[in-house]
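Numbering (the numbering used here), first residue to last: 2 to 89.
Glycine included, every Cβ here is placed at the ideal spot set by N, Cα and C.
The structure displayed is predicted, hence computed values, not measured ones.
The block underneath contains the structure these notes are about, expressed in structure tokens.
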Ligand SMILES: [Zn+2]
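Spelled out as structure tokens, the structure:
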């Protein structure tokens, strides 16, 4: 029996299996949804829109990634994360 790795959601701070979370990574090209590349410093958020909003609005995602996120980046990321959340 293998234990699934768990990560904390930056939106609600609860732990969950990685498969239930969307990974967002800070890359040289900017902050992006990570589609399995494992690039850069990463943070995880639930597919739940409430967690996505919380992660972005309170700056939790930016803090976790140790970067700053401008309003337009937050809007773009929200779309990207929500699309990624629906894709699976
Ligand atoms: Zn959450």
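State the CB to CB distance for the pair residue i and residue j, rounded to an integer number of angstroms; the pair is presumed to be in contact (CB under 8 Å).
| i | j | result |
| --- | --- | --- |
| residue 23 | residue 46 | 5 Å |
| residue 57 | residue 75 | 5 Å |
Are there any heavy atoms of ligand 1 lying less than 6 Å away from the beta-carbon of residue i, as far as the coordinates show?
| i | result |
| --- | --- |
| residue 43 | no |
| residue 60 | no |
| residue 47 | yes |
| residue 37 | no |
Between the alpha carbons of residue i and residue j, how many angstroms are there, rounded?
| i | j | result |
| --- | --- | --- |
| residue 96 | residue 5 | In this structure the chain extends from 2 to 89, so residue 96 is not present and cannot be described. |
| residue 83 | residue 12 | 13 Å |
| residue 27 | residue 59 | 18 Å |
| residue 37 | residue 71 | 25 Å |
| Sequence ranges, alpha helix (DSSP H) only - wholly within the segment 35-80, length at least 4 | 50-58 and 61-65
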